[in-house]
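Enquirer:
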Amino acid sequence: MAGLRALGRWIAIVGSLLALVCSCGREAERARDEALAQAARAKAMLEATRLEGERLDALRARDRLSTAEVESAPTAPTDRPYVLVLGTAQDGGLPQLGCRRACCVAAREDPSRRRSVTSLLLVDPRARRRWLIDASPDIDRQLEVAVDHPRGWSPPAAQGGRPPLFDGILLTHAHTGHYAGLLPLGREAYGAAGQRLYATESMQAFLTDNGPWSLSVAGGGFDFARIDPEHPLRAGEDLVVEALRVPHRDEFSDTLAFVIRGPERSLLYLPDIDKWERWETPVEEVLAGVDVALVDGTFFGPDELPGRAMAEIPHPFIFESLERFAPLSETDRAKLRFTHLNHSNPAADPASDAARQVRDAGCSIAQDGELHAL
Numbered sequence: 005m006a007g008l009r010a011l012g013r014w015i016a017i018v019g020s021l022l023a024l025v026c027s028c029g030r031e032a033e034r035a036r037d038e039a040l041a042q043a044a045r046a047k048a049m050l051e052a053t054r055l056e057g058e059r060l061d062a063l064r065a066r067d068r069l070s071t072a073e074v075e076s077a078p079t080a081p082t083d084r085p086y087v088l089v090l091g092t093a094q095d096g097g098l099p100q101l102g103c104r105r106a107c108c109v110a111a112r113e114d115p116s117r118r119r120s121v122t123s124l125l126l127v128d129p130r131a132r133r134r135w136l137i138d139a140s141p142d143i144d145r146q147l148e149v150a151v152d153h154p155r156g157w158s159p160p161a162a163q164g165g166r167p168p169l170f171d172g173i174l175l176t177h178a179h180t181g182h183y184a185g186l187l188p189l190g191r192e193a194y195g196a197a198g199q200r201l202y203a204t205e206s207m208q209a210f211l212t213d214n215g216p217w218s219l220s221v222a223g224g225g226f227d228f229a230r231i232d233p234e235h236p237l238r239a240g241e242d243l244v245v246e247a248l249r250v251p252h253r254d255e256f257s258d259t260l261a262f263v264i265r266g267p268e269r270s271l272l273y274l275p276d277i278d279k280w281e282r283w284e285t286p287v288e289e290v291l292a293g294v295d296v297a298l299v300d301g302t303f304f305g306p307d308e309l310p311g312r313a314m315a316e317i318p319h320p321f322i323f324e325s326l327e328r329f330a331p332l333s334e335t336d337r338a339k340l341r342f343t344h345l346n347h348s349n350p351a352a353d354p355a356s357d358a359a360r361q362v363r364d365a366g367c368s369i370a371q372d373g374e375l376h377a378l
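Going by the working numbering, the letters in the sequence shown line up with residues 5 to 378, in that order.
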């Protein structure tokens, strides 16, 4: 009996040990399963983050390089003219002076979100010539971007001062963002000699009659050539810049848009205009005659500047433009690239709902540095 009792105790002990082992095994399995589940959740979160990053990168890439309309700057053609976009912001740039809104804070923290003030560089690499279109307050930074366009370019000789930095500067009108870049070309800074300015009669009069630009005019730093609808710039046998008068706040001068026609393609540059219906020329007719259209996209909607009377700055809102251009063919809508974006414009952020609406409409937001072959 004693042996049986001892055997029973050993059986009980073994049973307890087996139960403990099984219990530990179940706990281990549960711990393992929980660890695997946590790892799966972490992997899913990482994958979601990666996909979101790729989505934002794709959105930015789509805005920066939209289909065949745009060629990347490193592949600038050598056999035909092209336009290099030097800036796409409204006159105050992005970020704007003194602005502490989220749009400008983000642009200060992330250089990729900054935008220079609207300006173009027209380049003919065959003749090694180049023309600046609108002299913006960011001209110093934009000159660095333009330094090798065209490759091998060197300024012409000058007497009595430093050589012109461009074969010509074309001015659309007398609002700050479009001519303030002439200031550092004056004798207090660069001191250009004989820099050719292409402008309307009223724009020429404004610069001639008002300092400090009048000093450069009188001293030979600037000289004028006329450009208007009756006087296009013939930059080469197959390169012409036509001027269109557009309605805008003409406090100091009238306002132009330019159509640049190259050997194969053409581009409309229309950074400033009042509401589309105020233009006697239907904009749709102009769009039909070009391949790319950089047009006024200053504001997306009416609520961007609290406390400001938007009727006093009557740019066409982007949402209005999208509605107006909706009946156009997909091909014509794809030509549209909104530029001259105010710092407050949400469409400047490719990840915004405003930018998505632009893309969904078949249009694009212009980006600094994009290149359009002509």
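Idealized CB from N, CA, C, for every residue including glycine.
The model shown is predicted, which means the values in this text are computed figures rather than measured ones.
Helix or strand or just coil, what does DSSP make of V109?
Expert: Helix.
Enquirer: Take F226 and list the residues in its own chain whose beta-carbon comes closer than 6 angstroms to its own, dropping the five residues that flank it on each side.
Expert: Closer than 6 angstroms at Cβ, skipping near neighbours: Q199, L201 and S220.
Enquirer: In three-state DSSP terms, what is T335?
Expert: Helix, per DSSP.
Enquirer: Quick one: what does DSSP say V149 is sitting in, helix, strand or coil?
Expert: In the structure shown, V149 sits in a helix (DSSP, three-state: H, G or I).
Enquirer: Starting from H376, trace the beta strand (DSSP E) in both directions and tell me its first and last residue.
Expert: Note, H376: beta strand (DSSP E), L375 to A377.
Enquirer: If I'm right that L125 touches L88 with Cβ under 8 angstroms, what's the distance once you round it to whole angstroms?
Expert: The Cβ separation is near 4 angstroms, so the contact holds.
Enquirer: If we call anything under 7 angstroms between Cβ atoms a contact, is G102 one with S120?
Expert: Taking 7 angstroms as the Cβ cut-off, G102 and S120 do not qualify as a contacting pair.
Enquirer: Locate the alpha helix (DSSP H) running through L298, then write down its first and last residues.
Expert: Not the alpha helix (DSSP H): L298 falls in the beta strand (DSSP E), residues V296 to D300.
Enquirer: I need the boundaries of the alpha helix (DSSP H) containing Y183, first residue and last residue.
Expert: Per DSSP, Y183 belongs to the alpha helix (DSSP H) from T180 to Y183.
Enquirer: On a Cα-Cα basis, can you pick out the residue from F329, S368, D364 and H153 that is closest to L345?
Expert: Comparing Cα-Cα distances from L345 to each of F329, S368, D364 and H153, the minimum goes to S368.
Enquirer: Is the region 291-301 close to the region 340-354, with three or more CB pairs under 8 angstroms?
Expert: Short answer: they touch.
Enquirer: Could you check the C-alpha separation between L274 and R363 for me, to the nearest Å?
Expert: Distance between the alpha carbons of L274 and R363: 20 angstroms.
Enquirer: Looking only at its own chain, which residues have a Cβ that is under 8 angstroms from the Cβ of W280, when we skip the five neighbours before and after it?
Expert: Same-chain partners within the cutoff: V287, P320, E324, S325 and R328.
Enquirer: In this structure, what does DSSP give as the bridge partners for R200?
Expert: Its beta-bridge partners are D227.
Enquirer: Can F262 and V245 be called in contact, C-beta distance under 7 angstroms?
Expert: For F262 and V245, yes; Cβs fall inside 7 angstroms.
Enquirer: Given a threshold of 16 other Cβ atoms within 10 Å of its Cβ, counted over all protein chains shown, does G293 qualify as buried or as exposed?
Expert: Looking at its Cβ environment, which holds fewer than 16 other Cβ atoms inside 10 Å, G293 is exposed.
Enquirer: Once you ignore the five residues that flank V127 on each side, which residues in its own chain have a CB closer than 7 angstroms to its CB?
Expert: So the list reads P85, Y86, L88, R134, H153 and P154, once near-sequence residues are dropped.
Enquirer: In three-state terms, what does DSSP make of V250?
Expert: Three-state result, V250: coil.
Enquirer: Tell me the residue span of the alpha helix (DSSP H) that contains V362.
Expert: Element bounds for V362: D357 to D364.
Enquirer: Starting from the Cα of G190, find the closest Cα among E205, D258 and P168 and give me that residue.
Expert: Residue P168 is the option with its Cα nearest to G190.
Enquirer: Closest by CA to R105, which one among D357, R269 and L309?
Expert: Of the candidates D357, R269 and L309, the one whose C-alpha sits nearest the C-alpha of R105 is L309.
Enquirer: With respect to 6 angstroms, is the separation between the Cβ of D295 and the closest non-hydrogen atom of the ligand SAM below this value?
Expert: No copy of the ligand SAM appears in this structure; indeed no ligand is present at all.
Enquirer: What would DSSP say about I317, mapped onto helix, strand or coil?
Expert: If DSSP states are grouped into helix, strand and coil, I317 belongs with coil.
Enquirer: Please report the residue range of the alpha helix (DSSP H) in which I322 lies.
Expert: I322 -> alpha helix (DSSP H) spans I322 to F329.
Enquirer: For A370, collect the residues of the same chain with a Cβ closer than 7 angstroms to its Cβ; drop the 5 residues on either side in sequence, then sort them by chain order.
Expert: Same-chain partners within the cutoff: V89, T92, L298, R341, F342 and T343.
Enquirer: Alpha helix (DSSP H) containing V290: first to last residue?
Expert: Per DSSP, V290 belongs to the alpha helix (DSSP H) from V287 to A292.
Enquirer: Would you say A351 and A359 are within 7 angstroms of each other, going by their C-beta atoms?
Expert: The answer is yes: Cβ separation under 7 angstroms.
Enquirer: DSSP state of F210, grouped into three classes?
Expert: Here F210 sits in helix by DSSP.
Enquirer: Please state whether the Cβ-Cβ distance between G266 and L243 is less than 7 angstroms.
Expert: Yes, Cβ-Cβ distance for G266 and L243 is below 7 angstroms.
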